[in-house]
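Engineer:
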Amino acid sequence: MKTITLAPAKIIILGEHFCVHGAPALSMAINLYSKVEVEDLNQKKLQIFSENLNVLGEYVEGKFLPVIGGLESRKIVEPIRLAVEATLNMLGEVEKGFKVKVNSKIPVGVGLGSSASIAVSTIMAIAANLGFKLSKEEVCKIAFEAEKYVHFKPSGIDHTTITYGGLILFKEGKLVKQIQPKKDLTFIVGNTGIRRSTGVLVKEVDKLKEEKRSLMVKMLADIEKLVFEGLDALESGNLKFLGEILDKNQEMLSNIGVSHWKLEELIDTARKAGALGAKLTGGGGGGCMICLTEDKDTSRVAEALKKVSKEIYIVKMDKYGVKVLV
Ligand code: MEV
Numbered sequence: 002m003k004t005i006t007l008a009p010a011k012i013i014i015l016g017e018h019f020c021v022h023g024a025p026a027l028s029m030a031i032n033l034y035s036k037v038e039v040e041d042l043n044q045k046k047l048q049i050f051s052e053n054l055n056v057l058g059e060y061v062e063g064k065f066l067p068v069i070g071g072l073e074s075r076k077i078v079e080p081i082r083l084a085v086e087a088t089l090n091m092l093g094e095v096e097k098g099f100k101v102k103v104n105s106k107i108p109v110g111v112g113l114g115s116s117a118s119i120a121v122s123t124i125m126a127i128a129a130n131l132g133f134k135l136s137k138e139e140v141c142k143i144a145f146e147a148e149k150y151v152h153f154k155p156s157g158i159d160h161t162t163i164t165y166g167g168l169i170l171f172k173e174g175k176l177v178k179q180i181q182p183k184k185d186l187t188f189i190v191g192n193t194g195i196r197r198s199t200g201v202l203v204k205e206v207d208k209l210k211e212e213k214r215s216l217m218v219k220m221l222a223d224i225e226k227l228v229f230e231g232l233d234a235l236e237s238g239n240l241k242f243l244g245e246i247l248d249k250n251q252e253m254l255s256n257i258g259v260s261h262w263k264l265e266e267l268i269d270t271a272r273k274a275g276a277l278g279a280k281l282t283g284g285g286g287g288g289c290m291i292c293l294t295e296d297k298d299t300s301r302v303a304e305a306l307k308k309v310s311k312e313i314y315i316v317k318m319d320k321y322g323v324k325v326l327v
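Heads up: the sequence shown is residues 2 to 327, going by this note's numbering.
In structure tokens form, the structure reads like this:
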């Protein structure tokens with residue numbers, strides 16, 4: 002039997018890094034997807050294959066055999082294995098074997114939640130293959146196990162956004178509220194092409210928090226205020242104000258040291274070309290930035306960003322989150 006699932010990528014609109022320390026954040030699932038196909042095998046073996054990520058790895062009796070992509074490929078396949086095992090443990094089906102095929106259009110290691118998206122699609126596909134329909138809450142619980150492997154201390158915002166879809170207010174590991182923006186939102190994502198580890202950046206912010214406790218307390222209060230102003234702007238359709246808030250959040254991210262000169266170049270380009278506001282998204286240190294545009298300005302801003310980015314994506318909200326297709 003074959004099951005196929007699809008899960009979106011995500012952008013963090015406001016509040017990354019600070020959400021690891023308990024502040025609220027706003028994030029949105031976007032229309033870039035990872036697709037996972039699962040077939041059951043008649044032996045206890047796990048085969049993980051992805052043509053576009055260039056990996057084929059097998060786990061037989063706990064041993065990892067890299068077939069394509071060498072030992073390096075383990076970084077990509079291990080979180081998928083963890084997602085499979087955690088799902089099987091939860092469902093009490095530990096003796097089963099599977100072939101997992103991943104096809105992801107989400108760039109890896111640049112802050113768009115590629116690992117969380119693949120983990121969430123895998124969890125849903127394995128469960129569906131075994132005839133179970135997991136609740137979104139159950140999917141999040143399992144996905145957290147895989148995310149702990151990839152990131153140092155994940156807040157859970159990536160897999161929660163990807164599982165539920167839409168635009169969410171997130172705080173302390175949980176979805177607080179699903180938000181209905183009054184206006185249709187268009188963001189342009191600019192990729193610097195610089196891959197980095199979110200875990201390393203999260204650790205650096207942790208260190209800063211230890212060294213400058215009172216500064217961090219103030220910043221956590223500031224971001225909370227910004228996030229709630231952003232929420233009002235979204236619900237009242239005041240995109241100009243939302244743009245200004247994105248800019249203020251970028252200043253804070255830059256102050257805690259998670260920006261990068263290339264990100265600043267893309268952000269500056271977007272603002273000069275007429276974006277309403279721009280900031281890095283996700284872990285920073287490279288990776289991606291986002292900017293908010295009005296429809297009349299989108300193609301002009303996109304053209305300007307193309308000249309300085311590795312690639313750009315014009316993205317809209319994905320309303321559904323993870324889905325079982327077949
Ligand atoms: C990663 O998309 C967002 C961070 O805040 C880390 C996390 O929340 O787990 C940097």
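Built from N, CA and C at the ideal position, the CB exists for glycine as well.
Return the CA-CA distance between F153 and A117, expressed in angstroms with no decimal places.
Structural biologist: About 14 Å.
Engineer: From the DSSP output, in three-state form, read off Y321 for me.
Structural biologist: Y321 falls in the coil class under three-state DSSP.
Engineer: In the DSSP assignment, find the alpha helix (DSSP H) that holds V95 and state where it starts and stops.
Structural biologist: V95 -> no alpha helix (DSSP H), and no H or E assigned at all.
Engineer: Would the region 102-109 and the region 46-63 be scored as touching if the rule is three or more Cβ pairs under 8 Å?
Structural biologist: Contact holds: three or more Cβ-Cβ distances are below 8 Å.
Engineer: Consider the C-beta atom of I127 and the heavy atoms of the ligand MEV; say whether any pair is separated by less than 8 Å.
Structural biologist: No - the ligand MEV has no heavy atom lying nearer than 8 Å to the Cβ of I127.
Engineer: Is any heavy atom of the ligand MEV found at a distance shorter than 8 Å from the C-beta of P80?
Structural biologist: Answer for P80: no, Cβ out of range of the ligand MEV.
Engineer: If you measure from the CB of D159, is any heavy atom of the ligand MEV nearer than 8 Å?
Structural biologist: Yes, the ligand MEV has a heavy atom inside 8 Å of this Cβ.
Engineer: With respect to the beta strand (DSSP E) encompassing N32, which residues constitute its N-terminal and C-terminal limits?
Structural biologist: It spans A26 to L42 - the beta strand (DSSP E) in which N32 sits, taken as one unbroken run.
Engineer: Quick one: Cα of T88 to Cα of V78, how far?
Structural biologist: Those two C-alpha atoms are separated by around 15 Å.
Engineer: Between E260 and L254, what straight-line distance do the alpha-carbon atoms span, to the nearest angstrom?
Structural biologist: Note on residue identity: the sequence assigns Ser, not Glu, to residue 260. Answer to the nearest angstrom: the Cα atoms are 6 Å apart.
Engineer: Decide if the region 184-196 is in contact with the region 312-320; the criterion is three or more beta carbon pairs, one per stretch, under 8 Å apart.
Structural biologist: With the cut-off at 8 Å, the region 184-196 and the region 312-320 touch.
Engineer: Between K184 and G238, what straight-line distance do the alpha-carbon atoms span, to the nearest angstrom?
Structural biologist: Cα to Cα, the separation comes out at about 5 Å.
Engineer: Give the straight-line distance between the Cα atoms of V327 and G70, rounded to the nearest whole angstrom.
Structural biologist: Taking the straight line from one Cα to the other gives about 29 Å.
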